[in-house]
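Let me begin by presenting the structure, written as C-alpha cells, before commenting on it.
In our numbering, the protein residues as written are 18 to 136.
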C-alpha cells in the first residue's frame with residue numbers, strides 16, 4: 018500500500034478544519050449568511066473568530082496541494098521549508114492553544130522533514 022504524502026495529510030487536515038469550523042461556528046456563520054457578507058466581519062469578536070478559522074481551511078488546502086507537487090517533483094528544498102514552517106506554527110499554536118489541532122501540524126512537519134532528508 019502506498020503511503021500518503023505529507024501534502025495529502027495537510028489537505029486532509031484542511032478539510033477537517035473546515036468541517037469542524039462549520040460545526041463550531043454554525044450559529045455565527047448562519048447569522049453572517051442572513052445578514053449578508055459585505056462589510057460584516059469586525060476586527061474582533063465571534064464573527065472575526067469564525068471568519069479567520071474558516072479562512073485557514075482553504076489556505077491549508079492550498080499549501081497541501083503545493084506541497085504534494087513539491088513531493089512529486091522531488092523539490093526537497095520546498096519540502097524542508099514547509100516542514101520547518103509547519104513545525105514552528107504548530108509548536109507556537111499548541112503552546113498558545115493546547116486543546117486545538119496544532120499538534121497535527123507538528124506531526125506533518127516532522128514527517129515531511131524526515132522524508133525530505135531521505136529523498
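Glycine residues also receive a C-beta, built at the ideal position from the N, C-alpha and C atoms.
As the crow flies, the alpha-carbon of residue 73 is around 26 Å from that of residue 91. Secondary structure at residue 34: helix, using DSSP grouped into helix, strand and coil.
Taking C-beta atoms as the reference points, residue 104 and residue 81 fail to come closer than 7 Å.
Between the region 27-41 and the region 115-132 there are three or more inter-stretch CB-CB distances shorter than 8 Å, so the stretches are counted as touching. Check the Cα spacing between residue 117 and each of 43, 33, 131, 20: the tightest is with 33. At the C-beta level, residue 133 and residue 97 come within 7 Å of one another. Residue 61 is not a Cβ neighbour of residue 45, given a cutoff of 7 Å.
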